[in-house]
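Take a look at the structure set out below.
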Amino acid sequence: MLLKWIIHWGEESGDKAFRSILDQVDRQVRTDFLLMVGDQIYADDLSNIDPDDRLDEFLKRYRTALSQPFIRKLMGRIPTYMILDDHEIKDAWTMDMRPGRETLYAAAMSAYQSYQVIHGPAFVPEGPDDVSRTPTRYISSPFFFPGPRQGQEARFDLAATIANPPHDFRIAAHGPIRGDDNFTRVSLDRGATTMKVELFDRKGGLLETADLPL
């Protein structure tokens with residue numbers, strides 16, 4: 194319990210990072226939106242001692258993280274969109290449903306949907322009875338569109354894709370709309386001019402590799 198209290202205190206002290214963004218907003222610096230790209234909570238910070246594995250524990254993490262004064266004020270003033278990474282569930286998580294993981298995954302995703310997904314563009318109704326909550330709504334959102342699949346980059350025309358956009362900006366996500374069982378590993382040596390990216394299946398088998406120029 195003491196260790197968890199210390200961790201939560203660390204989350205609260207981390208709220209100070211959002212104060213600089215608030216200062217920027219107060220100085221009338223144009224700030225269109227806040228994009229938070231994952232690890233909004235660290236549910237597995239005590240993974241070897243007492244990790245979060247129940248819904249009430251995940252919900253408490255979000256309440257602690259998102260009710261801090263600076264981030265709460267910032268999110269109340271600036272449009273915010275959040276996506277998850279791995280620590281919202283567990284370090285380097287996959288959808289591997291081996292016995293014992295089903296409850297953890299379900300609890301983590303339920304909390305994620307409650308605190309991060311619920312406000313996203315897929316939930317903006319287009320009519321009085323439109324409450325659709327499918328990935329298709331993300332794809333058809335004016336702010337989001339799917340990027341090229343791996344190996345199709347040469348045939349992907351970004352300029353044509355966003356020709357005459359109805360808004361000032363769009364967000365292109367080069368990643369899956371839904372989570373899958375594959376995972377990636379990135380290797381970068383000191384002084385390297387390329388970054389090695391490897392794609393593995395759920396059992397650790399190498400599926401594909403690529404060297405990306407830096």
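Going by the numbering used here, the letters in the sequence shown line up with residues 194 to 407, in that order.
Heads up, the beta-carbon is just placed ideally off N, CA and C, and yes, glycines get one too.
| query | result |
| --- | --- |
| Simplified DSSP assignment, three categories, for Y298 | helix |
| Cut-off 8 Å between Cβ atoms - residues of its own chain near P272, not counting five sequence neighbours on either side | D225, F226 and L227 |
| Which residues DSSP lists as bridging T224, in chain order | Answer is none; T224 lacks a bridge partner. |
| Anticipated Cβ contact below 8 Å, D245 with R254, distance rounded | 6 Å |
| Inter-residue CB distance, I282 and Y298 (contact presumed, cutoff 8 Å) | 6 Å |
| Proximity below 9 Å, CB of A258 to CB of I276 | no |
| Unbroken beta strand (DSSP E) run spanning T273, endpoints | T273 to M275 |
| Proximity of E250 and A285 at Cβ, strictly below 9 Å | no |
| C-alpha gap between D279 and Q221, whole angstroms | 34 Å |
| Euclidean distance between Cα positions of T386 and E401 | 20 Å |
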